[in-house]
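Protein chains in written order, with my numbering: chain B, 1198 to 1389; chain E, 189 to 264.
Working notes for the structure below.
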Amino acid sequence: MTTATAPATAVETEILPDGRELRILADGSLVVVGTAQARPHPVPGVDWIRRDRPRPRARRAPRPGPFHVRAVDPTHLARQASSYRRRLAHDRAKALLLSLLDPDQRAEYQRTGHFWVEVPQGRLRFGRLYSIRFEPRGTNAVHLLCVVPNGYETLPIPDIWANLLLAVRDDPARFFAVAIDRTAPPARRTLF
Amino acid sequence: MGLMRIIDETGDTVVTWAADDPATTAEAERIFRSLELERRMAFARPEGAPASEAERIHAFDPTAEEIIWVRPIQGG
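See below:
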């Protein structure tokens, strides 16, 4: 519990710029009473900082209507067109490859994404770029070969397999002569 | 009508000719020669036949049903 002492009578009162009162008491002490106003009332002779121009107010952008047309990034359109062309090329190449496969190979390729090719040297599994599985005839060995068509970077993947399929059927010896055996030590990377 | 498929970045480019039309046959033969000079390999097959029926050819055959051009191979 606190006890408040009655204030002494003010001999002089002055209104402060912020709205409070400055009271000078009889014993010479000063007391400020009241609550400071956020926006003090004008006092003659005192210049207040005022905003002469109203601050521009942020405005919400108008909501797009139901038929609003968005600006489209031209590079996005170019990327979409390029992707579309690649997909078309892949579809064409796949159709050509499927036409070159026999029914068993075709079914296997559509099921697993790879197919086997029998050659006099053994059998080859096409389906993984840079890693053509080769199982030489009469052994349990497995080699991973890398053979690609010239300029293969520009070709759709199924075209690469069609290219290699025709090449190995025509001249298997040539195929193995250029093949790089990735499973062999670097000094002995050619097979035959 | 004969058909040449040249594999490329679009999948393949098709060139057709009619055996009874000297102009289209000559143009197809010209393209055949230019691709041979690029060391590409041509295979003829009955249209749509599997690779086992494809045969390597070194000269333009206007009676071929379908010729497929592939690229020489190399180690990767």
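Each residue gets a CB set at the ideal place from its N, CA and C atoms; glycine is no exception.
CB contact check: residue i to chain D, cutoff 7 Å
| i | result |
| --- | --- |
| PHE231 (chain E) | Chain labels in this structure do not include chain D; the protein chains are B and E. |
Residue closest to residue i, alpha-carbon to alpha-carbon, out of the options
| i | options | result |
| --- | --- | --- |
| GLY1390 (chain B) | B:VAL1316, B:PRO1355, B:ALA1290 | Examination of residue 1390 (chain B) is not possible in this model, given that chain B is present from 1198 through 1389 alone. |
| ALA239 (chain E) | B:LEU1294, B:ALA1255, B:TYR1327, B:GLU1218 | B:LEU1294 |
| GLY199 (chain E) | B:ALA1275, B:ASP1368, B:GLU1211, B:HIS1287 | B:HIS1287 |
| PRO210 (chain E) | E:THR251, E:ALA232, E:GLU235, E:THR201 | E:THR251 |
| ARG1320 (chain B) | B:ASP1368, B:ARG1220, B:SER1280, B:VAL1339 | B:VAL1339 |
| SER222 (chain E) | E:GLY236, E:ALA247, E:PRO234, E:GLY264 | E:ALA247 |
| GLU217 (chain E) | E:ARG228, E:TRP205, E:ARG259, E:ALA242 | E:TRP205 |
| ILE255 (chain E) | E:GLY236, E:ALA232, E:GLU243 | E:ALA232 |
| PRO260 (chain E) | E:ARG228, E:GLU243, E:LEU191 | E:ARG228 |
| THR1206 (chain B) | B:PHE1323, B:ALA1370, B:PRO1214, B:ILE1221 | B:ILE1221 |
| GLU1350 (chain B) | B:ALA1370, B:LEU1219, B:ALA1304, B:TYR1327 | B:TYR1327 |
| VAL1208 (chain B) | B:LEU1227, B:ASP1215, B:GLY1216 | B:LEU1227 |
| TRP257 (chain E) | B:ALA1364, B:ASN1337, B:GLN1302, B:ILE1212 | B:ALA1364 |
| LYS1291 (chain B) | B:THR1272, B:HIS1311, B:HIS1273, B:ALA1278 | B:HIS1311 |
| VAL203 (chain E) | E:GLY236, E:ARG244, E:MET192, E:ALA237 | E:MET192 |
| GLY236 (chain E) | E:ILE245, E:GLU253, E:ARG244 | E:GLU253 |
| PRO1214 (chain B) | B:THR1232, B:PRO1271, B:ILE1357 | B:THR1232 |
| ARG1325 (chain B) | B:PRO1253, B:LEU1219, B:SER1296, B:LEU1361 | B:LEU1361 |
| ASP196 (chain E) | B:ALA1255, B:ARG1283, B:ASP1224, B:ARG1254 | B:ARG1283 |
| ALA1376 (chain B) | B:ARG1308, B:SER1296, B:VAL1344, B:GLU1332 | B:VAL1344 |
Three-state secondary structure (DSSP) of residue i
| i | result |
| --- | --- |
| ASP200 (chain E) | strand |
| ARG1256 (chain B) | coil |
| GLU226 (chain E) | coil |
| ASP1301 (chain B) | helix |
| GLU215 (chain E) | helix |
| ALA1292 (chain B) | helix |
| PRO210 (chain E) | helix |
| ARG1334 (chain B) | coil |
| GLU241 (chain E) | helix |
| ARG259 (chain E) | coil |
| GLU1350 (chain B) | helix |
| ARG1278 (chain B) | Reading the sequence as shown, one finds Ala at residue 1278 (chain B) and not Arg. Helix at ALA1278 (chain B). |
| ALA1376 (chain B) | coil |
| ALA1207 (chain B) | strand |
| HIS1273 (chain B) | helix |
| ASP1356 (chain B) | helix |
| ARG221 (chain E) | helix |
| HIS246 (chain E) | coil |
| ARG1283 (chain B) | helix |
| MET1198 (chain B) | Because MET1198 (chain B) sits at a pLDDT of 48, beneath the cut-off of 50, its placement in the model cannot be relied upon, and the following sentence gives the value as read from the coordinates. Coil at MET1198 (chain B), not helix or strand. |
| ALA1364 (chain B) | helix |
Per-residue burial, residue i [other beta carbons within 10 Å of its own, 16 or more giving buried]
| i | result |
| --- | --- |
| LEU1342 (chain B) | buried |
| ALA230 (chain E) | buried |
| ALA1348 (chain B) | Looking at the sequence provided, one finds Gly at residue 1348 (chain B) rather than Ala. Exposed, by the Cβ-count rule. |
| PRO1353 (chain B) | buried |
| PRO1355 (chain B) | buried |
| TYR1281 (chain B) | exposed |
| TYR1306 (chain B) | buried |
| ALA1235 (chain B) | exposed |
| MET189 (chain E) | exposed |
| PRO234 (chain E) | exposed |
| ARG1260 (chain B) | exposed |
| VAL1229 (chain B) | exposed |
| ALA242 (chain E) | buried |
| PRO1382 (chain B) | exposed |
| GLN1277 (chain B) | exposed |
| LEU1285 (chain B) | exposed |
| ARG1289 (chain B) | buried |
Identity of the residues DSSP links to residue i by a beta bridge
| i | result |
| --- | --- |
| THR1232 (chain B) | Its beta-bridge partners do not exist; DSSP assigns none. |
| GLU1218 (chain B) | B:ILE1212, B:VAL1230 |
| MET192 (chain E) | E:VAL203, E:ILE255 |
| ARG233 (chain E) | E:GLU254 |
| ALA1370 (chain B) | For ALA1370 (chain B), which the question treats as bridged, DSSP gives no partner whatsoever. |
| LEU1342 (chain B) | B:ILE1329, B:ASP1378 |
Cβ-heavy atom distance, residue i to the ligand SAH, below 6 Å
| i | result |
| --- | --- |
| ALA232 (chain E) | The model on display carries no ligand, and the ligand SAH is accordingly not part of it. |
Along the chain, which unbroken stretches of the beta strand (DSSP E) at least 3 residues long are found entirely within the region 1302 to 1329 of chain B? 1312 to 1316, 1319 to 1323
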